[in-house]
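Residue numbers (our numbering), protein chains in the order written: chain S, 108 to 519; chain C, 830 to 902.
Cβ coordinates follow ideal geometry from the N, Cα and C atoms, glycine included.
All values derive from a computational prediction rather than experimental measurement.
Report on the following structure.
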Amino acid sequence: MTQSFVIIGDGIAGSSAAETLREEAPDADVTVITDEGESLYNRILIKEFAKGKLPEAPISIHDESWYDERDIDLRLNTLVTDIDPEAHAVETHEDETIEYDKLLVATGGTPTQLPVENSDAEGIHHFWTFQDARKIRESAESADDAVIVGAGLLGIDLAAICGAQGVEAKYLMRGNAWWRYALSESGAEIMHDAMREIGVEPVFESGVDRFEVDDGGRIVAAVDPNGDRYECDWAGVAIGLNFNTEILHGTGVKQNDGVVVDQHMRTNVDDIYAAGDLTRFYDTILGEYAQNGSWGSAKEQGTIAAKNMVEPESAEFRWVSSYSITHFDFPFLSFGHPTIGDDEVERKYSDTEYRRLALKDGKIVGGVLIGDLAPQSAYKRLMREERVVGDQKEILLEKKFDADELAPPQEQ
Amino acid sequence: MSRSIVRPELAVRRVESVPSGSRVRHFDELSDAAQDRVLAAAEGEATDAGPLPADLRENEVIVFTRLYRVTGR
Ligand SMILES: Cc1cc2nc3c(=O)[nH]c(=O)nc-3n(C[C@H](O)[C@H](O)[C@H](O)COP(=O)(O)OP(=O)(O)OC[C@H]3O[C@@H](n4cnc5c(N)ncnc54)[C@H](O)[C@@H]3O)c2cc1C
């Protein structure tokens, strides 16, 4: 009998799973269901579109013919509303029932709304889909002033869009530095300077207490908890992601701030797998459960899930994730899990060069590089190899880091 | 592991705009080896030579701090 694979979500995790399933199981039925109105596009390039630096065309990755050619049944504009693990079936918003032998949940997340007055007013943008990017670009092209909220990797994209579109912005941060969980103030200062240079002013110990709107319900200002008022034509909010897991309600699939999967992307419920941003996966490098929110990791998880859906336990997810910021004259790259660990080393080499490594049990578990990314692949390799290097911090931080200068690995 | 294949006629070069019809990818989509190659090109280093990592395709444009294109030498 022909096997039937159903994938919910046509982001990079779902789409790479579909591609792998077709390669590994040429005769199987493969169905991809997405509530979006367009097939896979490059979510990590939509910021360049919003900046006005790229047209629409190269953002698209697969057009519908890609699915036709591979005999993959793509359902656009279709929201899955329920999963019935007993019946091995999913239900759509149009009450259609689609049966599966193996199911992959790759539904990603939805940006979190600020829990403050008028947070859904017109002119307040969240940033996840291509449609969001189109609206942000439209707002930015006709605006003078904006407010950005969310001192992390997506917030800085919104700041860069303001810079590229000539919008003056106030970047309201709750603490005293951008992404304070991953880098120190001295490292963050490099990013703050870069923001100022493009016309985005970081405002520390701030945040949003409420938004003010005009009679038409359109945002006119943000007021922070100190009572300071920032007039704006639009606001961009990037304070986090809520995973799209409503459909798992009642399925028995274990969740713990994310869908819990093993290194094979398998949930605790038979024949249900998960991949991409929404997973809390068993990280074989760390030896504990972890989360990634990056394109490369989501793609790899989709591929690994698909292989295991065809041939159980045939592939294992073992990956050092990596995420860069390329908006400024100098590059920024974070890898692994820079916000965890029991030890750290950092050094600022110049006004645009900085490095910080997070260590756990003497092993590199993540890091942030600003300015000079040359040692990135060597650090990632040490992390992947689980090398104990915590006793050689000086060598790790040498400007021209050379992994060959480290003491040879000890036999474990 | 990403493979390298010998395509000596190709190199990573900085460009000012995206030629129409080009495939465009972000730096984060590349293998470590391909990332290193783009970094070398950005720094104007001699390591931007030799076999190109297999995941870099001719004529594609990479979005990094500037635009880089995989193109003939
Ligand atoms: C603006 C922006 C910039 C980014 N920049 C970078 C970067 O520079 N580098 C990097 O590595 N990462 C970056 N990321 C993160 C990266 O894009 C994500 O980690 C990755 O795309 C996650 O892929 P995914 O397939 O897990 O989820 P998603 O891409 O979110 O896909 C999930 C899909 O499932 C659909 N869906 C949800 N629920 C249902 C349902 N019930 N029924 C049907 N369909 C459903 C959603 O609509 C969506 O299409 C960025 C993200 C954004 C938003």
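Problem - Rounded C-alpha distance that separates HIS444/S from ASP321/S - result: Against the first sequence, residue 444/S aligns to sequence position 337. Against the first sequence, residue 321/S aligns to sequence position 214. If you take the alpha carbons of HIS444/S and ASP321/S, they lie about 42 Å apart.
Handout entry: Close beta carbons around ASP136/S, own chain, < 8 Å, minus the five adjacent residues each side
Key = Taking the first sequence and counting its residues from 1, one reaches residue 136/S at position 29. For ASP136/S, where only same-chain residues beyond five positions count, the Cβ hits under 8 Å are THR109, GLN110, SER111, PHE112 and ASP180.
Practice task
List the endpoints of the continuous beta strand (DSSP E) containing VAL890/C.
Solution key: Indexing the second sequence from 1 puts residue 890/C at position 61. Residues 890 to 892.
Exercise for the section: Drop a sphere of 10 angstroms on the beta-carbon of ILE421/S, count the other beta-carbons inside from all chains shown, and report buried for 16 or more, exposed for fewer. Expected result: One-based indexing of the first sequence puts residue 421/S at position 314. Note that residue 421/S corresponds to Ser in the displayed sequence, not to Ile. SER421/S should be labelled exposed.
Practice task
Thinking TYR456/S and ILE297/S are a contact (beta carbons under 8 Å), I'd like their distance in whole angstroms, please.
Solution key: In the first sequence, counting from the first residue as 1, residue 456/S sits at position 349. In the first sequence, counting from the first residue as 1, residue 297/S sits at position 190. Contact between TYR456/S and ILE297/S is ruled out by a C-beta separation of about 10 Å, above the 8 Å threshold.
Problem - VAL254/S versus PRO133/S - alpha carbon distance - result: Your numbering for residue 254/S matches position 147 in the first sequence. Your numbering for residue 133/S matches position 26 in the first sequence. Their backbone Cα atoms lie some 50 Å apart in a straight line.
Practice task
Confirm the yes/no value for this check: CB of HIS855/C, any heavy atom of ligand 1, distance under 7 Å.
Solution key: For the purposes of this step, residue 855/C is taken as residue 26 along the second sequence, with counting starting at 1. At least one heavy atom of ligand 1 is found less than 7 Å from the C-beta of HIS855/C.
Practice task
Quick one: which residues of the segment 387 to 402 of chain S get their C-beta closer than 9 Å to a C-beta of chain B? List them in chain order.
Solution key: No chain B is part of this structure, whose protein chains are labelled S and C.
Practice task
Indicate whether the contact test is met: 3 or more Cβ pairs, each with one atom in the segment 185 to 203 of chain S and one in the segment 354 to 364 of chain S, closer than 8 Å.
Solution key: Flag = yes, the segment 185 to 203 of chain S and the segment 354 to 364 of chain S touch.
Practice task
Could you name the residues of the same chain whose beta carbon sits closer than 6 Å to that of PHE237/S, not counting the 5 residues immediately before and after it, in chain order?
Solution key: Here residue 237/S refers to the residue found at position 130 when the first sequence is read from its first residue. Once the five neighbours on either side are set aside, the close Cβ partners of PHE237/S are TYR148 and ILE153.
Handout entry: Listed by chain order, chain S residues near VAL853/C by CB distance under 7 Å
Key = For the purposes of this step, residue 853/C is taken as the residue at position 24 of the second sequence. LEU152, LEU161 and PRO165, listed in chain order.
Handout entry: At least three beta-carbon pairs within less than 8 Å, the segment 433 to 440 of chain S to the segment 386 to 402 of chain S
Key = Contact between the segment 433 to 440 of chain S and the segment 386 to 402 of chain S is absent: fewer than three C-beta pairs spanning the two stretches fall below 8 Å.
Exercise for the section: Using the DSSP secondary-structure output, state which residues sit across from GLU229/S in a beta bridge. Expected result: Against the first sequence, residue 229/S aligns to sequence position 122. DSSP lists ARG325/S as partners of GLU229/S.
Exercise for the section: Quick one: list the residues of chain C neighbouring ASP436/S, beta-carbon separation under 8 Å, in chain order. Expected result: Position 329 of the first sequence holds residue 436/S. THR894, listed in chain order.
Problem - Range of the contiguous beta strand (DSSP E) that encloses GLY901/C - result: If you number the second sequence from 1, residue 901/C lands on position 72. From DSSP, the beta strand (DSSP E) with GLY901/C extends over 896 to 901.
Problem - Continuous alpha helix (DSSP H) stretch holding ALA397/S: start and end - result: Reading the first sequence from its first residue, position 290 is the one you call residue 397/S. Counting along the chain, ALA397/S falls outside any alpha helix (DSSP H), though it belongs to the beta strand (DSSP E) covering 395 to 397.
Problem - Backbone CA spacing between LEU348/S and PRO218/S [nearest angstrom] - result: As a working note, residue 348/S is residue 241 in the first sequence. As a working note, residue 218/S is residue 111 in the first sequence. Those two C-alpha atoms are separated by around 4 Å.
Handout entry: At least 3 beta-carbon pairs within less than 8 Å: the segment 271 to 288 of chain S vs the segment 408 to 424 of chain S
Key = Touching, no, given that fewer than three Cβ pairs across the two stretches are closer than 8 Å.
Handout entry: Of the listed residues PHE311/S, SER313/S, VAL307/S and GLU338/S, nearest to GLU319/S (C-alpha basis)
Key = Sequence index remark: in the first sequence, residue 319/S carries index 212 (1-based). Residue GLU338/S is the option with its Cα nearest to GLU319/S.
Exercise for the section: Going by DSSP, name the residue or residues bridged to LYS467/S. Expected result: As a first step, residue 467/S is located in the first sequence; it is residue number 360 there, counting from the start. The beta-bridge partner set that DSSP reports for LYS467/S consists of LYS470/S.
Practice task
With a 10 Å radius around its C-beta and 16 neighbouring C-beta atoms as the bar for buried, classify TYR288/S as buried or exposed.
Solution key: For the purposes of this step, residue 288/S is identified with residue 181 of the first sequence, where counting begins at 1. With fewer than 16 Cβ atoms within 10 Å of its Cβ, TYR288/S is classed as exposed.
Exercise for the section: Would you decide whether HIS200/S is buried or exposed? Buried here means 16 or more other CB atoms lie within 10 Å of its CB. Expected result: As a first step, residue 200/S is located in the first sequence; it is residue number 93 there, counting from the start. Around the beta carbon of HIS200/S, a 10 Å sphere encloses fewer than 16 other beta carbons of the protein chains shown; the residue is thus reported as exposed.
Problem - Chain-ordered chain C contacts of LEU480/S [CB-CB under 7 Å] - result: The residue you call residue 480/S lines up with position 373 of the first sequence. Here the neighbours are LEU868.
Practice task
Go ahead and pull the three-state DSSP assignment for GLY270/S.
Solution key: Taking the first residue of the first sequence as 1, we reach residue 270/S at position 163. GLY270/S carries a helical assignment under DSSP once its states are collapsed to helix, strand and coil.
Exercise for the section: In the DSSP assignment, find the unbroken beta strand (DSSP E) run with LYS455/S in it and report its ends. Expected result: Position 348 of the first sequence, counted from the first residue, corresponds to residue 455/S. Unbroken beta strand (DSSP E) run through LYS455/S: 450 to 457.
Exercise for the section: Classify PHE350/S as helix, strand or coil using the three-state DSSP reduction. Expected result: Taking the first residue of the first sequence as position 1, residue 350/S is located at position 243. Strand at PHE350/S.
Exercise for the section: Measure the Cβ-Cβ separation of ARG852/C and PRO165/S and say whether it is below 8 Å. Expected result: Taking the first residue of the second sequence as 1, we reach residue 852/C at position 23. Taking the first residue of the first sequence as 1, we reach residue 165/S at position 58. Yes.
Handout entry: Buried versus exposed call for GLU155/S [16 or more other C-beta atoms within 10 Å across all chains shown]
Key = As a first step, residue 155/S is located in the first sequence; it is residue number 48 there, counting from the start. Classification of GLU155/S: buried, given that the 10 Å Cβ count is 16 or more.
Practice task
Express the C-alpha separation of GLY879/C and VAL366/S in angstroms, rounding to a whole number.
Solution key: In the first sequence, counting from the first residue as 1, residue 366/S sits at position 259. In the second sequence, counting from the first residue as 1, residue 879/C sits at position 50. Straight-line Cα distance between these residues: approximately 43 Å.
Practice task
Sort ALA258/S, ALA412/S and ILE447/S by Cα distance to LEU393/S and report the nearest one.
Solution key: As a working mapping, residue 393/S is identified with position 286 in the first sequence. Nearest option by C-alpha distance: ILE447/S.
Exercise for the section: Output yes if chain C places a C-beta closer than 8 Å to the C-beta of SER457/S; else output no. Expected result: Indexing the first sequence from 1 puts residue 457/S at position 350. When Cβ-Cβ separations below 8 Å define contact, SER457/S makes no contact with chain C.
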